Amino acid sequence: MFTHLSLRLRIFLFFALLALGGAALLTAGLVIGYVRLGEDHALSAFITAGAVGAFAIIGLSAWVWTKFDEYVARPLEALAADMRARAHADVDDEINPNYARYLGDLAPAAAAVAAHLTETRNAMALAVGRETARLGLEKQRLETLLAEIPAGVVFCTPDHKIALYNGKMRDLFNDDEGLGLNRPLDQLLRMAPLREAYGRLLRAQSAKGTDILVTTRHDARLFEARMRLFWLEGQETADPAYLLCLQDRSEDLALHGMREALFADLIEAVDAVLPDLPHGAPRAQLEKTLHDVQKEKAKTDTAWWPLEQLDLSDIGIALATRLAQKDIQLQYDALPDLRLRADGFAISRLLERLTLSWIGAGASDIRLSARLSEGEAILDLQGDAKAPDAARLNDWLDSPLITGHSRFAGADVLRSHGAKIEATDQRISLSLAAAPETLQTPRVIQYDFDLLQTALPAELSQAPLKNLSFVVFDTETTGLNPQVDEICQIAAMRIVNGKLVESERFDTLVNPARKIPAASTAVHHITNEMVADAPSVVDSLSRFHRFADGAVLVAHNAPFDMAFLQRREGAIGARFDQPILDTVLCSAILFGQSAEHTLDALCDRLSIRIPDNARHTALGDTLGTARAFVKMLPMLEATDIQNLGQLITAFDRHARLLRHLN
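Using our numbering, count along the sequence shown one by one with no gaps and you end on 663.
Shown next as structure tokens:
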């Protein structure tokens, strides 16, 4: 009944009940005595005796309770917290028995249990050390090889969040804040071709890879990508994770465009003078050479564009799906069982553009069919309106297939595939080369990713703490008043799946646009000269907002830091509206409100060492806070706080502590 109450409160209630019960029994005895005596003049004496006795019992009980609380209840609570820290947070320091000296052998016994637990833990670590050393060596080799691969490698969960990336990815994306573990891939790349390729491989239950072209989210660069699904054992029917290898083809595309322009200029110049040359062997030889060069060039047009082998039916499914999203019903016949060598995303987008343009010109009831002719697959779009003439068809082919991306037009797709297109009567026909089925050996990759087993519930408050992504941060400021002072440094680190990812950090000096007082410099050692060329507050907080996007914020004495952040929400055009956790309150839950809850005290309690030169720097305090929070997570779970909602509810019981601190 009272198990949800703290030990100290239950003991207080026990003594209160004892005092009230004693007073009640004394009163009952006096009443019985007075009734038995039967003398009315003795009533005042009985009342006086009862009052004195009752107050004496209550006072004695209160005095005994304070001593019991001081020498028994508080030491028991502290002893329980110390044992929990050694059981769940890998704290190896000996338990100090002095504060529990009135508990007899309990403190030495607890110290012995803790020491034995440490010995057992060390013995177990030695027992598994040999095997983990072997696995660790293989992991180190894999990480080394992965880091040196010249292509960007990213491993994604089924919901397109990053579970692994190599160093080349940071080079490709210039340390973009959107790159990080458990961050959505759409912060970096346009997802349409990736989702289409993923769906195609998923429908085929394929262990083979597929090649596609993708662009950055702002179309600044073009990447050649290879996607391969990562089927886990027993997961053949579930959505798998996938591996993505990226190579920057932006310069290749620019050079290819220059080559195309130069070659077109050359052919145009030769064609212009060819009719003026006299007939004879030299002219015939020139015409033959020109024809041979154009023929050889046509063979190389498809060499630079990544083409894959895919089923013809996949193109029909992709096109029908795209049009259905625009409320257009595409009719298509059963397509031949044939494999093509093509870029499925590009071809489906080309057919979509032709269909939409034709509908815009008056056609309706569009139907897709396919036929085979001399080793080619001919895709026919048939409608109930006259097909476009050559000029209009060329206009359609010259328009970008992706809005705002002029380098990806229908004509580019035709050239890259060596494809032909013609419009006759009520039909638009696209000819593509068929590809023979080739045997491919899947490339083997093995790794252990906890993120792949993590699935957050729709309601974030029900999410287990160990499955959440956290961003731990700290600020250094010009003073202690959020209304007039300003941030001069901010740092942050990520915690993913209960592990601190120290390589993913945000650390920047900030120009506060005001002088830093000498008293503040004496604390954090940041001078006016150091921040003179630093980014502005608005720019720094905009970058930090993107770094922290989608994560739970964690800070030590969070109201102070959040006041500086929230003051600038209007200027950066974004809100810090994610859940916010405070390690001060976590400490109060675990160690009681009467304990000291400064960052130094918390780190000392959890055997965390912060170098003296790192204290009172944003990055040093962030590191200390993050390590403390990681150690407190299993301790919180041991107190039956399993999810975010339960932790926030527990915070409410200790909110008074923060009001005293601020």
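Glycine included, C-beta positions come from ideal geometry on N, C-alpha and C.
Computed from a prediction, not measured in an experiment: that's the story for all the values here.
Where the beta strand (DSSP E) through residue i begins and ends
i: Met494; result: Ile488 to Val497
i: Tyr243; result: Ala242 to Asp249
i: Ser374; result: Arg368 to Ser374
i: Leu341; result: Arg340 to Ala343
For residue i: DSSP bridge partner residues
i: Ile163; result: Cys157
i: Lys421; result: Ser432
i: Glu210; result: The residue asked about is misnamed: residue 210 is Gly in this sequence, not Glu. According to DSSP, which records beta bridges pairwise, Gly210 is partnered with Arg229.
i: Val473; result: Met494 and Val555
i: Lys500; result: Val497
i: Ile348; result: Answer by DSSP bridge pairing: none, since Ile348 is not bridged.
i: Ile581; result: Leu554
i: Thr216; result: Leu223
i: Pro465; result: Asn644
i: Leu510; result: Gln490
i: Leu355; result: Per DSSP, none; premise fails for Leu355.
i: Leu278; result: Answer is none; Leu278 lacks a bridge partner.
i: Leu382; result: Leu369 and Ile429
Local conformation of residue i per DSSP, three classes
i: Pro283; result: helix
i: Glu505; result: strand
i: Gln332; result: strand
i: Ile609; result: coil
i: Glu377; result: strand
i: Ala589; result: helix
i: Ala410; result: strand
i: Ser595; result: coil
i: Tyr448; result: Its pLDDT being 36, under 50, Tyr448 is placed unreliably in this model, and the coordinates cannot settle the point.
i: Asn482; result: coil
i: Gln427; result: coil
i: Pro185; result: strand
i: Ser365; result: coil
i: Leu190; result: strand
i: Leu402; result: strand
i: His5; result: coil
Cβ distance (whole Å) where residue i is taken to contact residue j below 8 Å
i: Asp562; j: Phe474; result: 7 Å
i: Glu477; j: Met494; result: The Cβ separation is near 16 Å, so there is no contact.
i: Leu433; j: Ala343; result: 6 Å
i: Ala684; j: Arg428; result: One cannot answer for residue 684 here, as it falls past the ends of the chain, which runs 2 to 663.
i: Leu369; j: Leu380; result: 7 Å
i: Leu607; j: Ala629; result: 6 Å
i: Glu353; j: Leu398; result: With 8 Å as the limit, Glu353 and Leu398 do not qualify as a contact, their Cβ atoms being about 13 Å apart.
i: Phe652; j: Asp583; result: 7 Å
i: Asp177; j: Leu189; result: 6 Å
i: Thr158; j: Ala226; result: Not quite, the Cβ-Cβ distance comes to about 17 Å (not below 8 Å), so this is no contact.
i: Asp106; j: Ile96; result: Not a contact, Cβ separation roughly 13 Å.
i: Ala362; j: Asp385; result: Between Asp385 and Ala362 the Cβ distance is about 12 Å, and since that is not below 8 Å, they are no contact.
Terminal residues of the alpha helix (DSSP H) in which residue i lies
i: Glu638; result: Ala619 to Ala639
i: Leu61; result: Leu44 to Phe69
i: Ala193; result: Ala193 to Ala205
i: Ser314; result: Leu313 to Ala325
i: Ser521; result: Ala519 to His525
i: His89; result: Arg75 to His89
i: Gln647; result: Leu645 to Asp653
i: Tyr35; result: Leu8 to Leu38
i: Ala392; result: Ala391 to Asp399
i: Val532; result: Asn529 to Val532
i: Asp41; result: It is not in any alpha helix (DSSP H) - Asp41 carries neither H nor E in the DSSP assignment.
i: Arg171; result: Gly168 to Leu173
Sequence ranges, beta strand (DSSP E) only - wholly within the stretch 541-569, length at least 3
553-556
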